[in-house]
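This note's numbering puts the first residue of the sequence shown at 2, with every later residue one more than the last.
The C-beta atom is built at its ideal place from N, Cα and C for all residues, glycine as well.
These figures come from a predicted structure and were not determined experimentally.
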Amino acid sequence: MPIPRDNSAPLRTLLLVLAGVAPVVSFFLLGHGVLVAIAPLFLSHMLLLYPTLVANSQWLGPVFTSFETSAREVWITIDDGPSPAHTLRMLDVLQQFDARATFFVIGESAEKHPHLITEILTRGHSLANHTHTHPSRTFWCASARRIRREIDGCAEQLRSTPERPAQFFRAPAGMKNFFVHPALARRGLALVGWTVRGLDTVKQDAARVAERIEKRARPGAIILLHEAHHTDTHPEFQPLCLELTLQRLAARGYAFVIPRPEQLRR
Ligand SMILES: [Zn+2]
């Protein structure tokens with residue numbers, strides 16, 4: 002199952018060359034005042050930071066934000082598990098709506114709770130890579146070596162087989178840097194973003210989360226929800242967000258499917 006090609010290498014190179022040339026240009030502009038001199042440095046850094054920090058930016062390589070379909074269907078993706086507090090309940094909710102979903106799991110959590118990984122697969126859902134330790138504050142500035150370790154550590158937990166390959170990756174908080182796409186390409190992984198996120202890690206009201214998703218949903222949408230958050234203070238919240246979302250979308254005639262990699266679109 003081929004993943005749409007990554008043709009962003011020239012743009013990646015251009016951004017790196019600009020970052021390399023900027024200090025030299027700044028040096029020669031020093032005679033024109035400090036502000037003029039730092040302008041090229043500032044600009045080149047902004048050009049690097051933008052695609053790194055803006056989750057669905059395509060500058061560094063393809064980030065898939067929807068999938069092609071002629072049917073009324075969406076892809077439910079659930080990040081940050083597996084979680085003893087949530088996974089089994091999420092699976093029951095999915096079953097209630099005859100929904101299939103992809104769990105973007107954290108390798109460390111998968112290692113701790115192998116029975117939940119078994120349960121996800123047994124119930125017909127799929128697993129995807131969401132790094133080994135979920136370094137959401139530092140992944141964007143991680144070295145190439147660390148990024149490879151994060152991807153490979155999680156991949157080991159996904160029980161990938163030729164019949165059931167785990168081909169999708171999502172960066173923590175959607176942030177990626179120059180080293181991420183080349184590492185993914187070598188492993189045959191596609192970087193998946195989202196069409197609509199419920200903001201269920203920050204919002205307090207599950208009905209609002211579901212309403213936000215319903216408003217933005219369309220055929221081929223990738224929907225981002227989470228588990229494993231607020232497990233002490235509000236353990237009902239994230240399963241409820243999933244339930245209300247599926248309720249609203251099912252009422253509008255949507256089916257919940259897992260797309261094939263070749264259906265992915267930027
Ligand atoms: Zn995450």
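Asked: At a cut-off of 7 Å, is tryptophan 231 close to ligand 1 when judged by its beta-carbon and the heavy atoms of the ligand?; Found: Note that residue 231 is histidine in the sequence shown, not tryptophan. Checking the Cβ of histidine 231 against ligand 1 gives no.
Asked: Tell me whether proline 85, by its Cβ, gets closer than 7 Å to a heavy atom of ligand 1.; Found: no
Asked: Answer yes if the stretch 228-237 comes into contact with the stretch 78-94, meaning at least three C-beta pairs across the two stretches below 8 Å, and no otherwise.; Found: yes
Asked: If we require 4 or more residues per run, which alpha helix (DSSP H) segments fall completely within the stretch 162-208?; Found: 181-187
Asked: Sorry if obvious, but does the Cβ on histidine 126 come closer than 7 Å to a heavy atom of ligand 1?; Found: no
Asked: In chain order, what residues of the same chain have a beta carbon less than 6 Å from the beta carbon of glycine 108, not counting five sequence neighbours either side?; Found: His133, Gly154, Cys155 and Gln158
Asked: So which residues touch the region around ligand 1, with touch meaning a C-beta under 6 Å from any heavy atom?; Found: Asp80, Asp81, His131, His135 and Pro173
Asked: Please determine, among Ala208, Phe43 and Pro183, the residue with the shortest C-alpha to C-alpha distance to arginine 149.; Found: Pro183
Asked: Tell me where the alpha helix (DSSP H) around serine 45 begins and ends.; Found: 35-54
Asked: Quick check: what's the CA-CA separation for isoleucine 118 versus alanine 111?; Found: 6 Å
Asked: Just the Cα atoms here: how many angstroms apart are lysine 113 and valine 106?; Found: 12 Å
Asked: Please look up how many angstroms separate the CB atoms of alanine 40 and phenylalanine 257, rounded, as I've assumed it's under 8 Å.; Found: Contact flag wrong, Cβ pair sits at about 49 Å.
Asked: Looking at the structure shown, is aspartate 80 part of a helix, part of a strand, or coil, going by DSSP?; Found: strand
Asked: If we count the other Cβ atoms within 10 Å of its Cβ and call it buried at 16 or more, is glutamate 240 buried or exposed?; Found: The sequence given here has proline at residue 240, not glutamate. Per the 10 Å Cβ criterion, buried.
Asked: Which of the three DSSP states is assigned to threonine 246 in this structure?; Found: helix
Asked: With which residues is asparagine 8 paired in a DSSP beta bridge?; Found: BP columns for asparagine 8 are empty, so no partner.
Asked: Can you pull the DSSP bridge partners for isoleucine 223?; Found: Trp76
Asked: What are the boundary residues of the alpha helix (DSSP H) that includes serine 144?; Found: Neither: serine 144 is in no alpha helix (DSSP H) and is coded neither H nor E.
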